[in-house]
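Protein chains in written order, with numbering that gives the first Met the number 0: chain Y, 0 to 380; chain A, 0 to 85; chain H, 0 to 439.
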Amino acid sequence: MSAATRATASYDGVVIGAGIVGAACADECVRHGMRVAVVDGDVISGGTTAAGMGHIVVMDDSEAQFTLTRYSQQLWQELRPELSADVEYEQCGTIWVATDEVEMAEVRRKEDYYGRRGVPVEVLGQDALESAEPNLRKGLAGGLLVPEDGVLYPPCAARFLLERAQAGGATIQLGCAVSRIGNGRVRLEDGRELLAGAIINAAGNGAASLTPGLAIKKRKGHLVITDRYPGFVKHQLVELGYLKSAHSTTGDSVAFNVQPRKTGQILVGSSRQYDVHDKQVDNPILLRMLKRAQEYMPNLAQVSTIRVWTGFRAATPDKLPLIGPWPGDATVFLATGHEGLGITTSLATARILVDQIAGKPAAIPVEPYLPARMSSEHICA
Amino acid sequence: MTEQVIPDQVDLKVNGRSVSVPSGATVAVAIALAGAACRKSVGGEWRGPLCGMGICFECRAAIDGRPYCRSCQVLCRSGMEVMTDE
Amino acid sequence: MSREQVIVVKSEFDVLVIGAGPAGLTAAACAAECGAMVGVVDDNPSPGGQIWRGECGQIDSEAARWLRRIHAAGGQEFCGTRVFHQPEPGTLLAEAENHVFEFSYRKLIVATGARELFLPFPGWTLPNVMGAGGLQALVKSGLPIAGKRVLVTGSGPLLLAVAAYLRRHGAEIPMICEQASRSSLARFGLVLLRKPGKMRQGFSLRKQLSRIPFVPDCWPVEARGDTRLEEVVISQCSNKQRKAISCDYLACGFHLVPNTELAELLGCQVRGSLVQVDDLQQTSVPGVFCAGEPTGVGGLELALVEGQIAGLAAGGRSESAKRLFGERDKLRSFARALDRAFALRPELRKLARPETIVCRCEDVAYASLAQHDSWRASKLQTRCGMGPCQGRVCGPATRFLFNWSPDSVRPPIFPSRFDSLSAMPGTAETEPAQITGGHA
Numbered sequence: 000m001s002a003a004t005r006a007t008a009s010y011d012g013v014v015i016g017a018g019i020v021g022a023a024c025a026d027e028c029v030r031h032g033m034r035v036a037v038v039d040g041d042v043i044s045g046g047t048t049a050a051g052m053g054h055i056v057v058m059d060d061s062e063a064q065f066t067l068t069r070y071s072q073q074l075w076q077e078l079r080p081e082l083s084a085d086v087e088y089e090q091c092g093t094i095w096v097a098t099d100e101v102e103m104a105e106v107r108r109k110e111d112y113y114g115r116r117g118v119p120v121e122v123l124g125q126d127a128l129e130s131a132e133p134n135l136r137k138g139l140a141g142g143l144l145v146p147e148d149g150v151l152y153p154p155c156a157a158r159f160l161l162e163r164a165q166a167g168g169a170t171i172q173l174g175c176a177v178s179r180i181g182n183g184r185v186r187l188e189d190g191r192e193l194l195a196g197a198i199i200n201a202a203g204n205g206a207a208s209l210t211p212g213l214a215i216k217k218r219k220g221h222l223v224i225t226d227r228y229p230g231f232v233k234h235q236l237v238e239l240g241y242l243k244s245a246h247s248t249t250g251d252s253v254a255f256n257v258q259p260r261k262t263g264q265i266l267v268g269s270s271r272q273y274d275v276h277d278k279q280v281d282n283p284i285l286l287r288m289l290k291r292a293q294e295y296m297p298n299l300a301q302v303s304t305i306r307v308w309t310g311f312r313a314a315t316p317d318k319l320p321l322i323g324p325w326p327g328d329a330t331v332f333l334a335t336g337h338e339g340l341g342i343t344t345s346l347a348t349a350r351i352l353v354d355q356i357a358g359k360p361a362a363i364p365v366e367p368y369l370p371a372r373m374s375s376e377h378i379c380a
Numbered sequence: 000m001t002e003q004v005i006p007d008q009v010d011l012k013v014n015g016r017s018v019s020v021p022s023g024a025t026v027a028v029a030i031a032l033a034g035a036a037c038r039k040s041v042g043g044e045w046r047g048p049l050c051g052m053g054i055c056f057e058c059r060a061a062i063d064g065r066p067y068c069r070s071c072q073v074l075c076r077s078g079m080e081v082m083t084d085e
Numbered sequence: 000m001s002r003e004q005v006i007v008v009k010s011e012f013d014v015l016v017i018g019a020g021p022a023g024l025t026a027a028a029c030a031a032e033c034g035a036m037v038g039v040v041d042d043n044p045s046p047g048g049q050i051w052r053g054e055c056g057q058i059d060s061e062a063a064r065w066l067r068r069i070h071a072a073g074g075q076e077f078c079g080t081r082v083f084h085q086p087e088p089g090t091l092l093a094e095a096e097n098h099v100f101e102f103s104y105r106k107l108i109v110a111t112g113a114r115e116l117f118l119p120f121p122g123w124t125l126p127n128v129m130g131a132g133g134l135q136a137l138v139k140s141g142l143p144i145a146g147k148r149v150l151v152t153g154s155g156p157l158l159l160a161v162a163a164y165l166r167r168h169g170a171e172i173p174m175i176c177e178q179a180s181r182s183s184l185a186r187f188g189l190v191l192l193r194k195p196g197k198m199r200q201g202f203s204l205r206k207q208l209s210r211i212p213f214v215p216d217c218w219p220v221e222a223r224g225d226t227r228l229e230e231v232v233i234s235q236c237s238n239k240q241r242k243a244i245s246c247d248y249l250a251c252g253f254h255l256v257p258n259t260e261l262a263e264l265l266g267c268q269v270r271g272s273l274v275q276v277d278d279l280q281q282t283s284v285p286g287v288f289c290a291g292e293p294t295g296v297g298g299l300e301l302a303l304v305e306g307q308i309a310g311l312a313a314g315g316r317s318e319s320a321k322r323l324f325g326e327r328d329k330l331r332s333f334a335r336a337l338d339r340a341f342a343l344r345p346e347l348r349k350l351a352r353p354e355t356i357v358c359r360c361e362d363v364a365y366a367s368l369a370q371h372d373s374w375r376a377s378k379l380q381t382r383c384g385m386g387p388c389q390g391r392v393c394g395p396a397t398r399f400l401f402n403w404s405p406d407s408v409r410p411p412i413f414p415s416r417f418d419s420l421s422a423m424p425g426t427a428e429t430e431p432a433q434i435t436g437g438h439a
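Here you go:
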């Protein structure tokens, strides 16, 4: 290759990863007046983003997780009027489903927790739950409705944000795999190099190969999508045991999690497995997941399933994403490790990350998400 | 064992209208005889059978309350109730 | 918790055959006559597949002949049953109307046949536009065609067979439009000369189709109608003119696409959309054979020979199978000549307009797809291929239009009920019912 073709382009920011997080970061960078390039070896949203459920949900696993998810949920609501139709944003709300009085106590704890923090919620008793979701099995104790939660279709959401970034001058380079990043340089596998004031590693499951030492583990999940049954389920439904499943840092687990798509299709999940790296459908786990779903929604039995697929979430040891400067290199910033909350927290991630790059104060404390929070012991896997 | 009489014609209902088909005919045929299309596409177009062998899913209709049955693969039975998207 | 359990019927076989068309039935008969306990599974309500589809629920005489042999040797068939998953090697899950089969096998013969290639053109989604085999199947299933005008278009010898059949049933056929060029057909005619059997077939067909214009270099460019088909515009390369032909049905078939989904699910090596097999019709997966169209579209006689080879080999009589190799070679070379003669012309890639629907399940238009570089990108962004047909219609169409490669296959390979999918072995909850003899 001649020197001319190896001429390096120079950017204020280069985002690695054209998934939802990378797309949000690119969009945010452009809004800050940065000259941006997005690079990805695959298609838009080809990684975790395409595999995920697309939920926008506030979670209270920890204060930091709550703050980030709530902030981001509000950003999604602000963005909503501008979203194109194919993003299929639907504010269907979430109902956390309680099977018994023990779980109802947890419902009330969540009600208190969210209530104090200004998140509108409503406790549903047995009857109210039955009328809200008639296809749930009878005899459940009740649940917590969070009306401001929503769902969307992630691949189109990522594309929407990237197109906005592009309209603002960003360059999107797909099919361009990255081999190395560091010291303000992004080296592509085809030999080209991009110069960057800031390199944003938003490569999800691929982040650790570009920033060695990141303790990101793949957490495999399964999803099933059905044919169209409009009105079969109206809210995203999650069992309270989901928290136990997402909580655990070891072992395989399934949890009832069902979501209505705007098309009327029903998305059924969820499962979590560590240390499994192949994409094949895992029959025993799939079976457990399906059985769990049928326990909560027996009427799923006759519904036609069209597709089953797997995906990998990028998980960190403390269940919080890595958003901020990488201590090992002043030019590298991380925006990764979002586990199952990538869609939800993508907008807030981008916002607080770019605030940090620009040296501005963020709307929420950034400390809990700083890559530097982990001692070198934790970070070096 | 009593001999089973196989009827020459089978009577069923398509969208509430009575239709009579030769024994062994498929529901797709009954729908066609009723002058109906099978389904409305996502974009609102009327659709009917394309492949005739159960792989295109264009001939779907609700049969005896079960939605999304491939009508070209289901034999008509006496008293069946078929509903298309009409 | 009162919940109806899905009924799982377990059945074990020495040799399980998937597909009850010519390849499947011959394979099953041969394997059964070797002493194997044989089962045949087919989605259609009656056995026979496409070529041997019977009329109005009756069984075609050829199919019946092979079925008698199967039954005489103790084999059984399961119709209205479609395989959707392999939960573990040696087991297949199949869904029937009200229950699920868990089939166990020592050897498996995949004889899943082929489907038609449907190419999008303006108006192709109108009711009464069907495949050529598609319309024939519907007429065989009882659709009255007498007195109806049917335009027959597309490519290949299937068009002639379909036209002859429809005409026998009283249809009026204004024309048969073959997209292959006159010169390709002439070259093919020379090949036919070397095959007296084929010639006789050809002449017989010609007689049945007398006075129906057979027009090469001709293809449909638009189907028009309000709520259903009313007329078709064809393009005749020779005079570069377009002509509108009023008709009640359009039978449009552009060759066949092998049904390789099951073979792919099982991990069999597939190259160029064809399942790779050795001389004994064995795939790359031990114990799994494949016969008929999925190994290479080649018509009835080739399917019969391949089926017999696979059945004999699976039944342990490989030496007998070898005696059929010569016949198979001849038929394969004929099939290759057919392919060359009727290869699809590039003009067919340009028929769709920007607003022409390409993915019929999700109503995705040509323009939406054309912006993307790959099947995967377009699937994610537009949902093309994510509908119930699982890409069986739009997949081959986009492969032809854009040269896209398909995705890997995942279970379920056929849409199946939620509780069928969850009837996988490994649960204590389902109540399996054992059936060892008789018909299910």
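Glycine residues also receive a C-beta, built at the ideal position from the N, C-alpha and C atoms.
Exercise. Between C113(Y) and V120(Y), what straight-line distance do the alpha-carbon atoms span, to the nearest angstrom?
Worked result: Going by the sequence as given, residue 113(Y) is Tyr instead of Cys. Their Cα atoms are separated by approximately 7 Å.
Problem set entry | Secondary structure of C251(H), DSSP reduced to three states | strand
Exercise. Among all the DSSP beta bridges, which residues are the ones paired with A36(Y)?
Worked result: V13(Y), T170(Y)
For this session: Check the Cβ-Cβ distances between M79(A) and every residue of chain H, and say whether any is below 9 Å.
Result: no
Problem set entry | Inter-stretch contact (C-beta, 8 Å, three-pair minimum) for the segment 151 to 170 of chain H and the segment 122 to 129 of chain H | no
For this session: May I have the straight-line CA-CA distance separating A467(H) from Y365(H), to the nearest angstrom?
Result: Any question about residue 467(H) goes unanswered here, given that chain H covers just 0 to 439.
Exercise. Is DSSP giving Q355(Y) helix, strand or coil here?
Worked result: helix
Exercise. Quick check: the segment 267 to 275 of chain H against the segment 227 to 243 of chain H, are there 3 or more CB pairs under 8 Å?
Worked result: no
Exercise. How long is the line joining the alpha carbons of S303(Y) and D99(Y), rounded to whole angstroms?
Worked result: Going by the C-alpha atoms only, they are around 30 Å apart.
For this session: List the residues of chain H whose Cβ lies closer than 9 Å to the Cβ of R46(A), in chain order.
Result: T124, L125, P126, R359
Exercise. What's the call for F83(H), buried or exposed, on a 16-neighbour Cβ count within 10 Å?
Worked result: buried
For this session: Pick out whichever of K217(Y), Q64(Y), R260(Y), L123(Y) has its Cα sitting closest to the Cα of A314(Y).
Result: K217(Y)
For this session: Name, please, each residue of chain H whose Cβ falls closer than 9 Å to the Cβ of M52(A).
Result: D42, N43, G48, Q49, R52, G112, R114, E115, G130, G132, G133, A136
Exercise. If we call anything under 9 Å between Cβ atoms a contact, is A160(H) one with I172(H)?
Worked result: no
Exercise. If you count every other CB in all the chains shown that lies within 10 Å of the CB of S44(Y), and 16 or more means buried, which is it?
Worked result: buried
For this session: Compare the C-alpha of P353(H) against each of P126(H), Q370(H), P410(H), A342(H) and name the closest.
Result: Q370(H)
Exercise. Can a CB atom of chain Y be found closer than 9 Å to the CB of R65(A)?
Worked result: yes
Exercise. At which residues does the alpha helix (DSSP H) containing Y368(Y) begin and terminate?
Worked result: Element bounds for Y368(Y): n/a, residue is neither H nor E.
For this session: Would you kindly report the start and end of the unbroken beta strand (DSSP E) that includes P259(Y)?
Result: 252 to 259
Exercise. Taking Cβ-Cβ distances shorter than 8 Å, what residues in chain A pair up with S83(Y)?
Worked result: Within 8 Å Cβ-Cβ: nothing; S83(Y) doesn't reach chain A, min ~17 Å.
Exercise. On the three-state DSSP scale, how would you describe N200(Y)?
Worked result: strand
Problem set entry | Assigned exposure category for N127(H) - 16 Cβ within 10 Å defines buried | buried
Exercise. With distances taken from CA atoms, which of E292(H), Y248(H), R223(H), V231(H) is nearest H254(H)?
Worked result: E292(H)
Exercise. Does the beta carbon of G220(Y) come closer than 9 Å to any beta carbon on chain H?
Worked result: Taking Cβ atoms only, chain H never reaches closer than 9 Å to G220(Y), which makes this a no.
Problem set entry | is_contact[L11(A), chain H] using C-beta, thresh 9 Å | no
Exercise. For G42(A), which option in V363(H), L368(H), S183(H) has the closest C-alpha, if you only look at C-alpha atoms?
Worked result: V363(H)
Problem set entry | Same chain only: Cβ atoms within 6 Å of G315(H), ignoring 5 sequence neighbours per side | Once the five neighbours on either side are set aside, the close Cβ partners of G315(H) are C33.
Problem set entry | Contacts that R158(Y) makes with chain H (C-beta to C-beta distance below 8 Å) | Q380
Exercise. Along chain H, which residues have their Cβ under 8 Å away from the Cβ of L340(Y)?
Worked result: Ordered by position in chain H, no residue passes the 8 Å Cβ test against L340(Y), which lies about 20 Å from the chain.
Problem set entry | For C217(H), the three-state DSSP class (helix, strand or coil) | strand
Problem set entry | Interface partners of V28(A) on chain D, CB under 8 Å | Absent here is chain D; the protein component of the structure consists of chains Y, A and H.
Exercise. What residue range is occupied by the uninterrupted alpha helix (DSSP H) comprising P324(Y)?
Worked result: First-last for P324(Y): 321 to 324, but that is the beta strand (DSSP E), not the alpha helix (DSSP H).
Exercise. Is H70(H) near V8(H), with beta carbons less than 9 Å apart?
Worked result: no
For this session: Answer yes or no: the CB of N97(H) versus the heavy atoms of the ligand GTP, is any distance below 8 Å?
Result: Of ligands this structure carries none, so the ligand GTP is not represented either.
Problem set entry | Where M288(Y) falls, given that 16 or more other Cβ within 10 Å makes a residue buried | That one is buried.
Exercise. Just the Cα atoms here: how many angstroms apart are V57(Y) and G196(Y)?
Worked result: 33 Å
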